[in-house]
Ligand code: NAD
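Numbering (the working numbering), first residue to last: 90 to 582.
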């Protein structure tokens, strides 16, 4: 793609040059090279996209569910056909390794598979004879035009937490990919067309804050699905809800993993390191704090530091690399600044310090190496701040009670994990922690497509989460019919 290419918006089955003149560069974070530019679409472009979605809604919602899933089956086949090309696209614009990109694309496809069950999943309920000769039915109908607003870190998977379910339920969609990683969805949009979805059923509108605000304010948008940082999620939730829309907003995280004294340290270390440093820590389920209980501290610190220091960092396209770059140079600076705050102001000890890296051959890339901060004060800023980089803080506590109290004292509630061989301690942890996703001897407790992605507290604003049965609930409105057919004496029945 030429450096100056500007991605068009995709509206009504056609590519449309946006009215916006302002653009943003899309970088390859491993090289610093500009891959493309995206338009910063505004209210006018969003208005066109929503009008197109509204127009397409009339026929799409009347299309039988058994017919609506046929293009979804074809989309699955196309995603499988182009699996490697799409994985490379994710790695090129997002930086993660090819193995990580393949993993996220697999999760995207799983969501298509689950949504293909819509003729069963979308069924309502009937109770005959709620009173003599009277029946009551609950049916599900689509909500209308749905806006999907995505973050940068899973450009293939996160849009698929929403898109297949919204479409299968009979809604039409305006997708706003991240301005930092828009290329994968652009490629997917071509597959959506090839799969045979009618024009206007899916639009892709590129942009940033202004495009999001236009979607939140548009009277013809019925529902908003958002994933991003908590400060933005909070604002999006309030604005969309204030405008009377149905809204679900998944936010940020600071995920603690608790290592008990009886845990298998080797297994815990390799699992926690993968969680903390995989995707360069840019994952909402990344372990960012290891809470060691009692004597678990010394062996855990020693082994995790060795694993962190030995991780091979470089371009994600190189299959021998364990960890790619972070998304932007500003992210690198922010992460390095926060490590500096931990060390210089909070007296943490950087047992492995990933600042100031230059990768030979990738001198202009945005790299931070894995970092381990021991003796991080539990009440300090860094123990409470989402760093969103490959940084693991270690906090020492004396008991499981203290560990659970720490988990529950934080702002976020996305995930907490425990490493132990004690079933009773694990059961207590699972029962008492105030997070929506829990791992027991698992470092990334990512729910499969048929379970809800259950963030709690400061990590989620709304009622119904992404994926599975929650998605069906979110993208349909229930209608209850009470029905009586009085007897006609002139007829036999
Ligand atoms: P972000 O909040 O910067 O952006 C997310 C989306 O919001 C983008 O599409 C962006 O264009 C838009 N946006 C940004 N600022 C806005 C504003 N002021 N008003 C309206 N819209 C705005 O997030 P990001 O940096 O792209 O993604 C990383 C964040 O997402 C992290 O905090 C991470 O934890 C979170 N995340 C959460 C989950 C989850 O399931 N809970 C999953 C992935 C990522």
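Heads up, the beta-carbon is just placed ideally off N, CA and C, and yes, glycines get one too.
Counting along the chain, where does the beta strand (DSSP E) carrying residue 183 start and finish? Residue 183 sits at position 94 when you count from the first residue of the chain shown. In the DSSP assignment, residue 183 falls outside any beta strand (DSSP E) and lies within the alpha helix (DSSP H) extending over 172 to 183.
Collapsed DSSP secondary structure at residue 500 in the structure displayed: In the chain shown, counting from the first residue as 1, residue 500 sits at position 411. Here DSSP, grouped into helix, strand and coil, assigns residue 500 to coil.
With a threshold of 16 other CB atoms inside 10 Å of the CB of residue 436, please say whether the residue is buried or exposed. Locating residue 436 in the chain shown gives position 347, where the first residue counts as 1. Residue 436 sits exposed, since fewer than 16 C-beta atoms from the chains shown fall within 10 Å of its C-beta.
What first and last residue would you give for the beta strand (DSSP E) that runs through residue 265? To locate residue 265, count along the chain shown from 1; it is residue 176. Counting along the chain, the beta strand (DSSP E) containing residue 265 begins and ends at 261 to 265.
Where residue 488 and residue 350 are concerned, what is the direct C-alpha to C-alpha distance, given to the nearest angstrom? Indexing the chain shown from 1 puts residue 488 at position 399. Indexing the chain shown from 1 puts residue 350 at position 261. So the two alpha carbons sit approximately 9 Å from each other.
Taking contact to mean 3 or more Cβ pairs, one atom from each stretch, closer than 8 Å, check whether the segment 197 to 212 and the segment 255 to 270 are in contact. Touching, yes.
Delimiting residues of the beta strand (DSSP E) encompassing residue 117: Stepping through the chain shown from its first residue, residue 117 is reached at position 28. Looking at the DSSP string, the run of the beta strand (DSSP E) that includes residue 117 is 112 to 117.
At a threshold of 8 Å, does residue 373 count as lining the ligand NAD (C-beta to nearest heavy atom)? As a working mapping, residue 373 is identified with position 284 in the chain shown. Yes; taking the cut-off as 8 Å, the Cβ of residue 373 has a heavy atom of the ligand NAD nearer than that.
With three or more C-beta pairs closer than 8 Å as the rule, is the segment 424 to 432 touching the segment 120 to 134? No: fewer than three Cβ pairs fall under 8 Å.
Beta carbon of residue 604: closer than 8 Å to some heavy atom of the ligand NAD? Residue 604 is absent from the structure shown; the chain starts at 90 and stops at 582.
Whole-angstrom Cβ separation of residue 138 and residue 273, contact assumed at under 8 Å? Here residue 138 corresponds to residue number 49 of the chain shown, with the count starting at 1. Here residue 273 corresponds to residue number 184 of the chain shown, with the count starting at 1. That pair is no contact at about 19 Å.
Hey, is the segment 523 to 542 in contact with the segment 550 to 561, meaning 3+ C-beta pairs nearer than 8 Å? Result yes; three or more Cβ-Cβ pairs closer than 8 Å.
Among all the DSSP beta bridges, which residues are the ones paired with residue 568? The count along the chain shown starts at 1 and reaches residue 568 at position 479. According to DSSP, which records beta bridges pairwise, residue 568 is partnered with 228.
Indicate, with yes or no, if the ligand NAD has a heavy atom lying under 8 Å from the CB of residue 479. Position 390 of the chain shown holds residue 479. Not a single heavy atom of the ligand NAD lies less than 8 Å from the C-beta of residue 479.
So, are the CB atoms of residue 425 and residue 457 less than 9 Å apart? Position 336 of the chain shown holds residue 425. Position 368 of the chain shown holds residue 457. Yes.
Reference residue 399, options 247, 551, 121 and 366, closest by Cα: Counting from 1 along the chain shown, the entry for residue 399 is found at position 310. Measuring C-alpha to C-alpha distances from residue 399 to each of 247, 551, 121 and 366 identifies 366 as the nearest.
Straight-line CA distance for residue 360 to residue 532? Within the chain shown, the letter at position 271 stands for residue 360. Within the chain shown, the letter at position 443 stands for residue 532. The straight-line gap from Cα to Cα measures roughly 5 Å.
Rounding to the nearest angstrom, what Cα-Cα distance links residue 99 and residue 277 in this structure? Within the chain shown, numbered from 1, the residue matching residue 99 stands at position 10. Within the chain shown, numbered from 1, the residue matching residue 277 stands at position 188. CA-to-CA, the gap between residue 99 and residue 277 works out to about 11 Å.
Rounded Cβ spacing between residue 175 and residue 168 (contact assumed at less than 8 Å): The count along the chain shown starts at 1 and reaches residue 175 at position 86. The count along the chain shown starts at 1 and reaches residue 168 at position 79. Yes, residue 175 and residue 168 are in contact; Cβ-Cβ is about 7 Å, under 8 Å.
Does the Cβ of residue 591 have 16 or more other Cβ atoms within 10 Å, making it buried, or fewer, making it exposed? The requested residue 591 is not part of the displayed model; the chain covers only 90 to 582.
Residue 451 bridges to which residues according to DSSP? The residue labelled residue 451 in the question sits at position 362 within the chain shown. Paired residues: 448.
Is it true that the CB of residue 340 sits closer than 9 Å to the CB of residue 321? In the chain shown, the residue the question calls residue 321 occupies position 232. In the chain shown, the residue the question calls residue 340 occupies position 251. In contact: residue 321 and residue 340 (Cβ atoms closer than 9 Å).
Does the beta-carbon of residue 250 have 16 or more other beta-carbons within 10 angstroms, so that it is buried, or is it exposed? Counted from its first residue, the chain shown places residue 250 at position 161. Label assigned to residue 250: buried.
Kindly indicate which three-state DSSP category residue 525 falls into: helix, strand or coil? Stepping through the chain shown from its first residue, residue 525 is reached at position 436. Three-state result, residue 525: coil.
Along the alpha helix (DSSP H) that carries residue 331, what are the first and last residues, could you check? Reading the chain shown from its first residue, position 242 is the one you call residue 331. Here the alpha helix (DSSP H) through residue 331 covers 319 to 331.
Compare the C-alpha of residue 470 against each of 434, 491 and 446 and name the closest. For this step, residue 470 is matched to residue 381 along the chain shown. It is 434.
So is residue 518 buried or exposed if we call it buried at 16+ other beta carbons inside 10 Å? In the chain shown, counting from the first residue as 1, residue 518 sits at position 429. By the 10 Å Cβ count, residue 518 comes out buried.
Exposure label - residue 35; buried when at least 16 CB within 10 Å: This structure cannot settle anything about residue 35, because the visible part of the chain is limited to 90 through 582.
Select from 382, 420, 440 and 352 the residue whose C-alpha is nearest the C-alpha of residue 394. Mapped onto the chain shown, residue 394 falls at position 305. Answer by Cα proximity: 440.
Beta carbon of residue 325: closer than 8 Å to some heavy atom of the ligand NAD? Within the chain shown, residue 325 is the residue found at index 236, counting from 1. Within the cutoff, so yes.
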